[in-house]
Amino acid sequence: MKYKLIIILGMLTFLNNPTGFCQSLSNEVGIRIGGYGGYSFVFKKEQSENIFRRVRINAGKIDFKKNNNIQSYNLLASVTMGIEKRASLTNNFYIFHGWEPGLTFGFSGDKELKSIQINPFVGYVFGFMYNLNDKFIIGIETLPNIYINTSINPVQGEKADTNLSAGFDFNSNLIALNLAYRF
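Numbering (numbering that gives the first Met the number 0), first residue to last: 0 to 182.
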């Protein structure tokens with residue numbers, strides 16, 4: 000009887016513990032530096048053990064110019080959302096991969112000409128990461144992708160000129176450095 004009471008009290012204490020056997024899911028926020036886009040802000044939310052939902056926002060180019068009486072502007076940005084899967088190689092060293100579809104959009108022009116760009120793409124992220132400690136992470140990744148480029152150039156009083164192209168981007172310049180904070 001005495002042992003049953005100790006076991007029951009031990010189980011109640013353990014089950015009352017909010018963490019129990021479950022490991023709490025984490026979030027990560029960071030910056031991706033390199034590649035064509037310069038830098039991106041990345042947010043990751045753990046869905047289950049070693050599976051993360053990934054959102055990346057890239058402000059690729061923002062440019063305003065004024066030369067004499069001519070003003071011009073360019074804006075290029077992208078957003079991606081995907082799933083990242085991780086596999087542990089050692090205690091602190093991981094390999095990760097996953098699909099990352101996204102959309103790049105841009106506007107450019109001056110008084111005479113305006114251009115609208117809409118570029119959907121699907122990439123496959125692949126990389127390595129190292130946990131510096133419980134809070135900070137460093138890693139490298141590459142993101143080859145398949146894309147479609149659409150450029151619409153409205154002409155005053157006429158039908159818009161539209162250009163369409165597609166391609167694969169497997170360029171090694173797409174290797175990027177990741178720095179992240181886990182919370």
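C-beta atoms are modelled at their ideal positions from N, C-alpha and C, and glycine is treated no differently.
- In the DSSP assignment, isoleucine 151 falls within the unbroken beta strand (DSSP E) covering 144-152.
- Taking the Cα of aspartate 168 as reference, the smallest distance to any Cα among Ser47, Met80, Thr141, Glu45 is reached at Thr141.
- According to the DSSP secondary-structure assignment, aspartate 160 is paired through a beta bridge with Asn152.
- Sequence-distant partners of asparagine 73 (beyond 5 residues in either direction) whose C-beta falls short of 6 Å from its own C-beta, in its chain, are Lys60, Asp62, Ser107.
- When the beta-carbon positions are compared, isoleucine 139 and phenylalanine 127 come within less than 7 Å of each other.
- Listed in chain order, the beta strand (DSSP E) elements of length 3 or more contained wholly in the stretch 61-147 are 69-87, 92-108, 113-130, 135-141.
- Comparing alpha-carbon positions, the option among Phe95, Asn144, Ser150 lying closest to leucine 75 turns out to be Ser150.
- According to the DSSP assignment, phenylalanine 42 belongs to the beta strand (DSSP E) that extends over 38-47.
- Remark: C-beta atoms of phenylalanine 51 and glutamate 83 approach each other more closely than 7 Å.
- Comparing alpha-carbon positions, the option among Asp109, Ile94, Gly29, His96 lying closest to lysine 65 turns out to be Asp109.
- If you ignore the 5 residues before and after asparagine 144, its C-beta comes within less than 7 Å of the C-beta of Phe120, Val121, Gly122, Asp168, all in its own chain and listed in chain order.
- A distance below 6 Å between beta-carbons, with the five flanking residues on each side excluded, links serine 77 to the following residues of its chain, in chain order: Asn57, Gly101, Thr103.
- At least 7 Å separates the beta-carbon of isoleucine 69 from that of leucine 176.
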